[in-house]
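Step one of this worksheet: look at the structure below.
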């Protein structure tokens, strides 16, 4: 009996000690969070501006804080402490905070980016809640930039967040793009504004990632990241590419997130409250779209997640090999295989050395050659150098005897050529 009482006493003492420790840690966390927030608000200027006026985390290591380090521990385990330091020392600008931009900004914050500039002139609407990252019904009518800042402050209060309720144009360019940001995210759905922003970033030498049309799509497996010149299936990309080339002489060199899927719906017809059919009468900003495009909320969210992942890995200097954009289907690969056989029979009198099947042809054409001809002079020119049609595309034998003048006729992996 006495032994039992001792055990109960020990259990009770342990529970009491655990409860006291938990309460103490919670209070410590609250005090440190409050102190950290106050420090950011009062001292942020001292460590965000370097000698050149650039907004960087100079002489300040967010990861020295145990709470921040623990919050970002999974990232640190993934790509290392030094890579995470690069992320937390970064400054990123996100322009356009709707379905795409809000999710991109949210994951940049959760990934530990040290400073964010959030820019959007628009307000949260009830219909935007199907795709916005953090907005609630209570936020309807609130400027999107301020909405994000409000929610973000409780997720990662150590991040320096600047919110601007502002329309990007020539008059606001300096205010938005100054400070030498490490990355700019273009999440704008207006062509004129998008083109002007991309041209300004290229002119300033800023790294920029652009999102194209996420509306009217449903297939998440067709979302890609590639150079603007390769986004041939997307109508918005096509328009932006044409305008950049025509107005600014910019051919490419801008990474974009886009979908290979063709839009499944069109802009809805516009009618005003009294049946009017002139959308321009209801434009808040001249030149901005009034008609509504149907949106499945998951797709712009994925677009934003892809953008954040791309930017974070770039900031962390983590090498990621994106999938090549090769718009061939199984029929094309079967045709390539058949043409290889016919070419062998025509040139060598037999196809006995063709020891590859259709799956291997897919690997060679897509993964090794990225759908480009071996005769191309520049492997980086993926715009006009890409084959507009696959009708003349074929595989040919790599003949060592021809190249080196040897005595053996050896069949190796075929190359793509015409």
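In my numbering, the protein residues as written are 1 to 418.
Even glycine gets a Cβ: it sits at the ideal position worked out from N, Cα and C.
Quantities reported herein were computed from a predicted structural model and do not represent experimental measurements.
- Exposed is the label assigned to residue 137, since fewer than 16 other Cβ atoms lie within 10 Å of its Cβ.
- Put simply, the backbone Cα of residue 66 is about 40 Å away from that of residue 253.
- Counting along the chain, no beta strand (DSSP E) covers residue 216, and no H or E run does either.
- The Cβ-Cβ distance between residue 181 and residue 117 falls below 9 Å.
- Three or more beta-carbon pairs separated by less than 8 Å are not found between the segment 111-128 and the segment 352-360, which leaves the two stretches without contact.
- Only exposed fits residue 262, as fewer than 16 other CB atoms lie within 10 angstroms of its CB.
- Going by beta carbons, residue 223 and residue 257 fall inside the 9 Å limit.
- When C-beta atoms of the segment 95-105 are compared with those of the segment 296-305, three or more pairs fall below 8 Å, so the two segments count as touching.
- Bounds of any alpha helix (DSSP H) do not take in residue 363, whose DSSP letter is neither H nor E.
- For residue 237, the enclosing alpha helix (DSSP H) begins and ends at 235-243.
- Under DSSP, residue 223 takes part in a beta bridge, and its partners are 259.
- The beta carbon of residue 237 is closer than 7 Å to those of 212, 228, 231, 256, 258 in its chain, skipping five residues each way along the sequence.
- Beta-bridge partners assigned by DSSP to residue 95: 119, 186.
- In terms of Cβ geometry, residue 340 and residue 361 form a close pair [threshold 9 Å].
- When the Cα atoms are used, residue 260 and residue 218 turn out to be separated by approximately 11 Å.
- In the DSSP assignment, residue 113 falls outside any beta strand (DSSP E), carrying neither H nor E.
- Take the alpha-carbon of residue 62 and the one of residue 336: they are about 54 Å apart.
- Pairing residue 184 with residue 166 gives a Cβ-Cβ distance that is not under 9 Å.
- A residue is called buried when at least 16 other Cβ atoms come within 10 angstroms of its Cβ; residue 143 meets this threshold and is buried.
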